[in-house]
Amino acid sequence: MKIAANLFRVPLYVALALLIAFGGGIMATLYALNASSGFGAIRLGAWEAFPRAQTADADPYAKSHRARAGQLLLGTAEGLRFTATQDDSGQPLSTACRYEITGQTPPARLWTLYVTDRNGNAIEPRPGLPVGLNSWVVARHPDSSFTIAIGRGAEPGNWLPLPDGEQPVALALTLFDTPTAGSSGLIDLSMPGLRRVGCGRA
Amino acid sequence: MLKLAFTVVIGLVGAALLHLVIILALPHFTGLDAYTRVTAKGDPQRFYILGEKPDETGLADSDPYVQAAVCPFDIGDLPVRLQARGAVPFWSLVIYDSSSNEVFSMNDRTSAGGALDVLVASPVQLTTLRKALPEALEQSILVEMPRAEGYAVVRALAPRKSLEDAAHAFLAGASCEEFSSP
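Read top to bottom, the protein sequences are chains A and B. Positions 63 to 264 (the working numbering) are the ones given, in order, by the first sequence. Positions 28 to 209 (the working numbering) are the ones given, in order, by the second sequence.
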């Protein structure tokens, strides 16, 4: 009787071990690749960038991620793209809310700012509305800092429109020709703040 | 009970191993990587201007103020020369090998006279060229490429609408041709 029970139990244990191994291994891999672009991020407030993601020194997670995403990354001498998927308080960015960017970018010859979906593809606003902002067209305060209003409704000053409908969005702030890209972390960098002003009609 | 715990531990060790194997092996066979997409554009040794929206190869330059062009190349037989000139506020070049590792990157400030003129060659080709540098290459930046296959991306910035034509002309005039010394 005992032999018969073992006869069924051993294959069951083997099947369970295989199930955990394959299920867990594949799930963990998919999760790791979708959650992040690898290690080596620099995080400044709400902004996140991967200055070494395009190099041979990138970690295996970053290499796997970029091989799946298939994007043309910026080279070191070209610039560095920061993305924000949440505001300064950690709330995910949504088209239902209004935000305000204030402050300065790290030194760069040019920067551009536009709205993307969570995969990094630009979201086009309604025809006629500004597609983004850049360092040439942004209106600045006397100390060269700037304030940008982000939301669905038009606002005076610098305004970046969010698309209609309620969906999670991200912001891409690309610095072109910036020492930040080769930064060893020794320079004190500060990115503009990203504050939520309110949601809905509030 | 002990057997069950043992089974779960074995399963988790297996999961960790499989995770490592997938992560390390994935870059070699996704079929979605940038090099595969660039080569799917068409013949090598010419620039393809990218649109704002992803095309059938899935490549796009999403930044509304940036225009980009890619050139897949193979320096197995002859070196490849990249050239472009024009008045744009900013342009940049990055050369990747077939694993999408950055080999070389530059922007207009690091160029000679603001024009793009780069020769990509293998170490052997470069040694031969340097023995008697052709006059045409005196101003060129010589880039050593350890692997034969790769691609180049040129980006031009147009921060204002009025500069978009200049950026487009810069990319349309960019050349990516095999270089044979006279």
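From the three backbone atoms N, C-alpha and C, an ideal C-beta is built for every residue, glycine too. Note that this is a predicted model, so its numbers are computed, not measured.
Cβ contact check for the region 89-98 of chain B and the region 165-185 of chain A: 3 or more pairs under 8 Å:
yes
Determine the chain A residues that contact ALA61/B at a beta-carbon separation under 9 Å, and present them in chain order.
ARG128, ALA129, ALA131, GLY132, GLN133, LEU134, LEU135
Taking only the alpha-carbon atoms, compute the straight-line gap between PRO241/A and SER167/B and give it to the nearest angstrom.
25 Å
Among ARG214/A, ASP239/A, VAL200/A, the one whose alpha carbon lies nearest that of THR137/B
ASP239/A
Thinking just about the alpha-carbon of each residue, which of ILE104/A, GLY227/A, PRO254/A, LEU191/A is nearest to the one in GLU217/A?
LEU191/A
CB contact check: HIS195/B to chain A, cutoff 8 Å:
no
Which bits of chain B does GLU110/A rub up against, with CB to CB less than 9 Å?
Within 9 Å Cβ-Cβ: nothing; GLU110/A doesn't reach chain B, min ~17 Å.
What are the start and end residues of each continuous beta strand (DSSP E) run of 3 or more residues lying completely inside the region 135-194 of chain B, in chain order?
143-148, 168-171, 176-184
With three or more beta-carbon pairs closer than 8 Å as the criterion, would you say the region 144-153 of chain A touches the region 123-143 of chain B?
no
Sort out for me which residues DSSP pairs PRO154/A with in a bridge.
GLN148/A
According to a CB-to-CB cut-off of less than 9 Å, which residues of the region 86-104 of chain B neighbour chain A?
LEU86, ALA87, ASP88, SER89, ASP90, PRO91, TYR92, VAL93, ALA95, VAL97
Could you check whether the Cβ of GLY141/B sits closer than 8 Å to any Cβ belonging to chain A?
no
Which whole-angstrom value describes the C-beta separation of LEU198/B and VAL181/B, a residue pair presumed to lie in contact below a C-beta threshold of 8 Å?
6 Å
Taking all protein chains shown into account, decide if VAL48/B is buried (16 or more other Cβ within 10 angstroms of its Cβ) or exposed.
exposed
Straight-line CA distance for VAL200/A to GLU110/A?
22 Å
Compute the distance between the beta-carbons of SER252/A and PRO168/A, then report whether it is under 8 Å.
yes
Grouping DSSP H, G and I as helix and E and B as strand, with all else coil, what is GLY213/A?
strand
Measuring CA to CA, which of ASP104/B, THR84/B, GLY41/B is closest to GLN72/B?
ASP104/B
What alpha helix (DSSP H) runs, 4 residues minimum, are completely inside the region 98-140 of chain A?
122-131
Quick one: what's got a C-beta closer than 7 Å to ASP150/A's C-beta in the same chain, skipping five residues either side?
GLY107, ALA108, GLY255, LEU256, ARG257
Chain-order list of residues whose beta-carbon lies under 6 Å from that of ASN134/B (same chain, five-residue window excluded)
SER119
Which of the three DSSP states, helix, strand or coil, is assigned to VAL200/A?
coil
Could you check whether the region 223-240 of chain A touches the region 168-177 of chain A, counting it as contact only if at least three pairs of C-beta atoms, one from each stretch, sit closer than 8 Å?
yes
Where TYR62/B falls: helix, strand or coil (DSSP):
helix
Does ARG73/B get closer than 8 Å to chain A when you measure Cβ to Cβ?
no
Option in LEU160/B, ASP144/B, LEU86/B, PRO173/B with minimal Cα separation from VAL151/B:
PRO173/B
Where DSSP assigns a beta bridge to TYR123/B, which residues make up the other side?
GLU129/B, TYR178/B
Going by DSSP in three states, ALA42/B sits in which element: helix, strand or coil?
helix
If you measure from the beta carbon of PRO186/B to each beta carbon in chain A, is any gap under 8 Å?
yes
Run through DSSP, which three-state label would TYR86/A get?
The sequence given here places Gly at residue 86/A; Tyr does not occur at that position. Looking at GLY86/A - three-state DSSP - the assignment turns out to be helix.
Compare the C-beta of ILE82/A against all C-beta atoms of chain B and say whether one is closer than 8 Å.
yes
Could you tell me if CYS261/A is buried or exposed, where buried requires 16 or more neighbouring beta carbons within 10 angstroms of its beta carbon?
exposed
Distance between beta carbons of LEU156/B and GLU171/B, contact taken as under 8 Å:
In fact, because the Cβ distance is near 11 Å, the residues do not count as touching under 8 Å.
Got a sec: is the Cβ-Cβ distance from MET172/B to anything in chain A below 8 Å?
no
Would you say LEU190/B and PRO99/B are within 8 Å of each other, going by their C-beta atoms?
no
Residues of the region 196-219 of chain A whose Cβ lies closer than 9 Å to any Cβ of chain B, in chain order
ASN196, SER197, TRP198, VAL199
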